[in-house]
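Q: One structure, pasted below without further comment.
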Amino acid sequence: MSKISFYVPAKAMLFGEYGVLYLGKAIALTFYQHSFHIDIQLQPTQSSGKVIVKSLFFKENPLEFNLTDNLNSSDNRDLCFFKNLLHPWNQHLKNKNLYIEIKNSFNPDLGFGSSSALIAGISKGLWQLLFNDIEFLDNEQFWSSVRESLNRIQGSGSCYDVAVQLAASQEDIPTVKTQLWLFQNRHESSIPIIKNITLSDRIENYGFFIKTSVYSDTSNILKCFHSQEKKKEFAAQHALLADKFIEDSSLLHTISLMKQSLKIAQKQELIPKNILNLNKLLDKLNDLQIPYKTMGAGHGDCLWVLYDRHKFIKEFAIPDSDIPFAFNTNGQAK
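Count along the sequence shown from 1, then add 135; that gives the number in the numbering used here.
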């Protein structure tokens, strides 16, 4: 039996949302304050092969199915997720039993890439077990499989989240728990550009993420724009902010970029106006002139706030759990 085990960190996009869908650059963060710990095993068999997934992350534990089973979302959403994820690998999994155990996971409500962590981790594990090749980030066949899995699961996407989580995945939780990445898709290749980047100032000065407790969906947000021109206009504005951050990531310049990003979100009316707790939080941030930025689709599942975490908890009278990530608790970024 072949076996492999590793960790996949959480992710967040700082700048470049939407623009990344049109070949723009994105600035993403990976951090091990939240992570998946995944074990994968392959065992030869004389039968058609089965898949068993053990994890408290799913309502049904364990999940079990055969690759030849005909499934749809009405049968079991989690089973269909794995069926779609594994589809590009089906020909390599014939006459093999696949055992997946997820020993650690994080709440999908945070928007930190729980689904993409599974796509990244399982794709990486299968590649290494099937091809005995750890060099996957520059391999066209590997990325074609990853993108097919992604498209089958969610229809489309830039793949930035899977990409940076792949690049940051490790056999053990590393000493440097936080890394900053530049991501960009290419015109004529499935292999994206993924590069480490550094911050101009000390990482602990870059604030924290606070939960909004409101789920947002990129595809639903984009439906609000009735023309392709509007979508591209919005994407280009966000892409420009990512370019400017690459040129100058100093704290003062970052605050300026956050304010510009917020104006874009307000202009496009992406921040919900009918959610009382969220709008109370935004009103107080605005009154105190505390820099913040929406993340991801519209308002995002979290806000990025540039302020001292401990002072914020005290002054806003919130529990520690409302701040699922702070830059000053995760080690020095590369």
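From the three backbone atoms N, C-alpha and C, an ideal C-beta is built for every residue, glycine too.
(1) Would you mind giving the Cβ-Cβ distance between Leu214 and Leu206, rounded to the nearest angstrom? I have them listed as a contact below 8 Å.
(2) Indicate the three-state DSSP secondary structure (helix, strand or coil) for Lys379 in the structure shown.
(3) Take Ala233 as the anchor and find which of Leu149, Ile458, Gly246 and Leu261 has the nearest alpha-carbon.
(4) Using the DSSP secondary-structure output, state which residues sit across from Leu233 in a beta bridge.
(5) If Gly248 and Lys160 are in contact, beta carbons under 8 Å, what's the gap, nearest whole angstrom?
(6) Can you have a look at Ser304 and say buried or exposed, based on whether 16 or more other CB atoms are within 10 angstroms of its CB?
(7) Tell me the rounded alpha-carbon separation between Gly466 and Glu339.
(8) According to the Cβ coordinates, are Ile173 and Ile257 closer than 8 Å?
(9) Assuming Asp204 contacts Thr347 under a Cβ cut-off of 8 Å, what Cβ separation, rounded to an integer in Å, is found between them?
(10) Which class does Asn463 belong to by DSSP, given the choice of helix, strand or coil?
(11) Could you give the distance in angstroms between the alpha-carbon of Val281 and the alpha-carbon of Leu411?
(12) Short of 7 Å in beta carbon distance, which residues of its chain neighbour Phe216, apart from the five on each side in sequence? Order them along the chain.
(13) Note the first and the last residue of the continuous beta strand (DSSP E) segment covering Ile143.
(14) Between the alpha carbons of Val143 and His373, how many angstroms are there, rounded?
(15) Nearest by alpha-carbon distance to Thr429: which of Gln181, Asn409 and Leu392 is it?
(16) By the 10 Å Cβ neighbour count, where 16 or more other Cβ atoms means buried, how is Ala468 classified, buried or exposed?
A: The answer reads as follows:
(1) Approximately 5 Å separates the beta-carbon atoms of Leu214 and Leu206; this is inside 8 Å, confirming the contact.
(2) When DSSP states are grouped into helix, strand and coil, Lys379 belongs to the helix group.
(3) Going by the sequence as given, residue 233 is Leu instead of Ala. In terms of CA proximity to Leu233, Leu261 leads the group Leu149, Ile458, Gly246 and Leu261.
(4) Leu177 and Val186, per the DSSP bridge assignment.
(5) At roughly 18 Å, the Cβ-Cβ gap does not stay under 8 Å, so Gly248 and Lys160 are not in contact.
(6) So Ser304 ends up on the buried side.
(7) Because Gly466 sits at a pLDDT of 45, beneath the cut-off of 50, its placement in the model cannot be relied upon, and the following sentence gives the value as read from the coordinates. Taking the straight line from one Cα to the other gives about 8 Å.
(8) Yes, the Cβ-Cβ distance between Ile173 and Ile257 is below 8 Å.
(9) Not quite, the Cβ-Cβ distance comes to about 38 Å (not below 8 Å), so this is no contact.
(10) Shown here, Asn463 sits in a helix according to DSSP, grouped into three states.
(11) In this structure, the CA atom of Val281 is about 39 Å from the CA atom of Leu411.
(12) Closer than 7 Å at the Cβ level, and outside the excluded window around Phe216, lie Ile288.
(13) Before going on, a small fix: residue 143 reads as Val here, not Ile. Residues Ser137 to Phe150.
(14) Val143 and His373 have their C-alpha atoms some 27 Å from each other.
(15) Out of Gln181, Asn409 and Leu392, the CA that lies nearest to the CA of Thr429 is found in Leu392.
(16) Residue confidence for Ala468 is low, a pLDDT of 40 falling below 50, so the modelled location carries little weight; the figure read from the coordinates is stated next. It counts as buried.
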